[in-house]
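Note sheet for the following structure.
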Amino acid sequence: YRINHRHGSSYGNSDASTISASVDDTIDSLVKLLSKDAAAANDDDRQKQEEEEVRLWKRLGKLRLDAGEFAEAARIFRYGSRRCPSDEGLRHHCQVHDAFHCEDVEDGSTTTSSGADGDKDDDEATHSKVPDPMQIPNADGEGDDLFLILDVPPDKVPANILQFSGTTVATPSLTRIICASKKPILSKEACLFLIQSATDAATKRGGWTTDRHVHAPTCDIPAFDLQPAAVRWIRSGFDQVLLPLIVSTLPSELGLSANSLRIQDCFIVRYDGEEEHQQHSDGGPGFSSLRPHEDESLVSLTIALNDMSEYEGGGLFVASTGDLLNGDAGTVLSFAGGMVHGGYPVSKGTRWILTVFLYIDKNLSCKEPGYTIRAIKDAVM
């Protein structure tokens, strides 16, 4: 790993936004809207109702998320998507869930996932050789043996880390929330396979996505758009290898297990230097950097897919510590998503990474997941 201290950088910190909307008011608005007779409305009214319903589901999910109700927010977004399937933002939550998790419990029910595991035909159309399964680099490589663990100042520990650990003061172990693997966890073949799969997906869909993340846009391809074989490879490797390793590095006060972690989002990002932009008449395809921001995840992962020798600049800048972190293909960076961070500019070449947002399938209130949807259904009935 290359670790450069950049204290005093222009990257700034930002205060958490204040939650001004009321959960109860939003639920009341949804209940009133869902109680209306949609069949009696004309086409214009139905469209307006659906647009308002989409807005309310997103608002309610965000409010629950800001309150530490991770499990609840995920179910609200997915339930809203199934009611309003035409909205791309809500639908994205369902597509991620269906690609990486079999259970579907927005209201306590379960079902078998479709999508990645059900689409066998696309595998026959690809010529990319599926790499061997992900493996731990060596038999003894767990926790501190495999990861370099960095401290952050106690006052920079994100609020959700403190909340889920049941404390208001950061203990020494709670400051150890940046981890960098000392060895590659993904093989070079796997990294090339994922890059090629993302490139193929971009071609198939007619380009890269650049507007999914409003406050911190990236040039990326959602993992669920990759060929099914790539989705299955990621899912298997995460379940069997990567997530257990990540849990072993996190503070024990969080009470996490690999089974409790869920993938909130997963996508392949490309950062392109200025020379690469000049080769495209439209200035594309990728951005050279990523502005400072906070993720809504509990834990975020940045997995390098190509070596540092293939580009100049780049890396993960962590404002809380002033560190610039980067590694060669297959190395993994894990950090608390609530810390302010950004993508340092790439000046030449292309940097490829796999980004993952993780949350815990648990509510900070300790209420049983799905209580919001059940309450709305009961009120409508």
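In the working numbering, the protein residues as written are 685 to 1065.
Every residue gets a Cβ at the ideal spot worked out from N, C-alpha and C, and that includes glycine.
These numbers were taken from a predicted model, which means no experiment stands behind them.
- Short of 8 Å from the beta carbon of V780, and not among the five residues preceding or following it, lie these beta carbons of its own chain, in chain order: P906, A907, F908, I947, Q948, D949, C950.
- Per DSSP, F831 lies in no alpha helix (DSSP H); the unbroken beta strand (DSSP E) holding it starts and ends at 831 to 834.
- Within the same chain, S972, S1031, K1032 come within 8 Å of E958 by CB-CB distance, once the 5 residues on both sides are set aside.
- In this structure, I879 and L926 do not form a Cβ contact; the two beta carbons are roughly 18 Å apart against a cut-off of 8 Å.
- Of S1049, K866, Q924, I711, the smallest CA-CA separation from N943 is found for Q924.
- According to the DSSP assignment, E996 belongs to the beta strand (DSSP E) that extends over 995 to 997.
- With a beta-carbon spacing of about 15 Å, P1029 and A1003 fall beyond the 8 Å limit used to define contacts.
- Contact between T710 and L740 holds, with the beta-carbon distance rounding to 6 Å and staying under 8 Å.
- Assignment of T894 by DSSP, reduced to helix, strand and coil, places it in the coil class.
- Unbroken alpha helix (DSSP H) runs of no fewer than 4 residues, entirely contained in the segment 857 to 890, are found at 872 to 889, following chain order.
- Here R766 is exposed, its C-beta having fewer than 16 other C-beta atoms within 10 Å.
- The three-state reading of DSSP puts P928 in helix, counting H, G and I together.
- In this structure, DSSP gives P906 an extended state, which the three-state scheme calls strand.
- For I952, the enclosing beta strand (DSSP E) stretches over residues 945 to 956.
- The segment 991 to 1003 and the segment 1039 to 1049 do not touch, with fewer than 3 CB-CB distances between them shorter than 8 Å.
- By a beta-carbon distance limit of 8 Å, I952 contacts D904. Their separation comes to about 6 Å.
- Judged by DSSP in its simplified three-state form, T855 adopts coil rather than helix or strand.
- Taking 7 Å as the cut-off, the Cβ atoms of G752 and Q847 count as close.
- With contacts defined by Cβ atoms closer than 7 Å, L940 and N844 do not form a contacting pair.
- A direct Cα-Cα distance of roughly 5 Å separates W1036 from R954.
- Inter-residue distance for S865 and L830 is about 6 Å (C-alpha atoms, whole angstroms).
- Following the DSSP letters along the chain, one finds K1032 inside the beta strand (DSSP E) bounded by residues 1030 to 1044.
- It is roughly 8 Å from the alpha-carbon of L1048 to the alpha-carbon of F754.
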